[in-house]
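Those letters in the sequence shown? Residues 271 to 423, by the working numbering.
Quick reminder that beta carbons are idealized off the backbone N, C-alpha and C, glycines included.
A quick note: this is a predicted structure, and the numbers were derived from the prediction, not measured.
One structure is given here, and the rest of the page talks about it.
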Amino acid sequence: MKDRSYAKRYPLVGRRWRYGDYQLGTLAFCLMAGAVNAACPIAADGTVLRKDGLLLAYQPLGKTGRIPMAKHFALDVQLCDKSGISAARLHKADATMPEHRHGMNYRPAITPLGDGRFRVEGMMFHMAGRWELAFEVQSGKELVRLTHDVQIE
Numbered sequence: 271m272k273d274r275s276y277a278k279r280y281p282l283v284g285r286r287w288r289y290g291d292y293q294l295g296t297l298a299f300c301l302m303a304g305a306v307n308a309a310c311p312i313a314a315d316g317t318v319l320r321k322d323g324l325l326l327a328y329q330p331l332g333k334t335g336r337i338p339m340a341k342h343f344a345l346d347v348q349l350c351d352k353s354g355i356s357a358a359r360l361h362k363a364d365a366t367m368p369e370h371r372h373g374m375n376y377r378p379a380i381t382p383l384g385d386g387r388f389r390v391e392g393m394m395f396h397m398a399g400r401w402e403l404a405f406e407v408q409s410g411k412e413l414v415r416l417t418h419d420v421q422i423e
């Protein structure tokens, strides 16, 4: 009985497939590398804060994309530096009302999501007015504090 294997009948096609798989793998790697750099914060990702070469973007979760008053809310946070996704970690997130000299009544929980992304849950601004949202980021041995004023109506 004759050997009717595909590879024996069409030897060049098998080589092309192997070469094609190599090209496909290379293409997939390049696209993933581009996606990593594309994951860094831009204005469309929410509010972008910059300090000492560190970029932090935060965006409230929810249908409205706004921070509500007197309701718990969560934030998605993305950290990047000049080289792309940062190895820094979000150490603390808090908020205060400078005019009233008090802060939130809750301590939020921070969950790392990977690739420089974090979720901050359990925040609540219990009254209207100007709030100063503060993020402390551990970047190497340095602790960087980024702040942003938010007006709650």
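If we ignore side chains and look at the alpha-carbon of each, how far apart do leucine 413 and arginine 387 end up? 17 Å
Beta-carbon separation (whole angstroms), tryptophan 401 vs isoleucine 380, contact threshold 8 Å: With a Cβ gap of about 18 Å, tryptophan 401 and isoleucine 380 do not count as contacting.
Taking only three categories from DSSP, how would you classify lysine 362? strand
Straight-line Cα distance separating cysteine 350 from methionine 393: 23 Å
Only counting the same chain, and skipping five residues up and downstream in sequence, which positions put a Cβ closer than 8 Å to that of threonine 317? Ala327, Tyr328, Gln329, His418
Between the Cα of glycine 332 and those of Ala344, Met339, Ala340, Leu325, spot the shortest distance and give me the residue it belongs to. Ala344
Please check the pair glycine 335 and methionine 367, which I expect to be a contact at CB under 8 Å, by giving their CB distance rounded to whole angstroms. Actually they are not in contact, since the Cβ atoms of glycine 335 and methionine 367 sit about 22 Å apart, beyond 8 Å.
Are glutamate 406 and histidine 370 closer than 8 Å when you measure CB to CB? no
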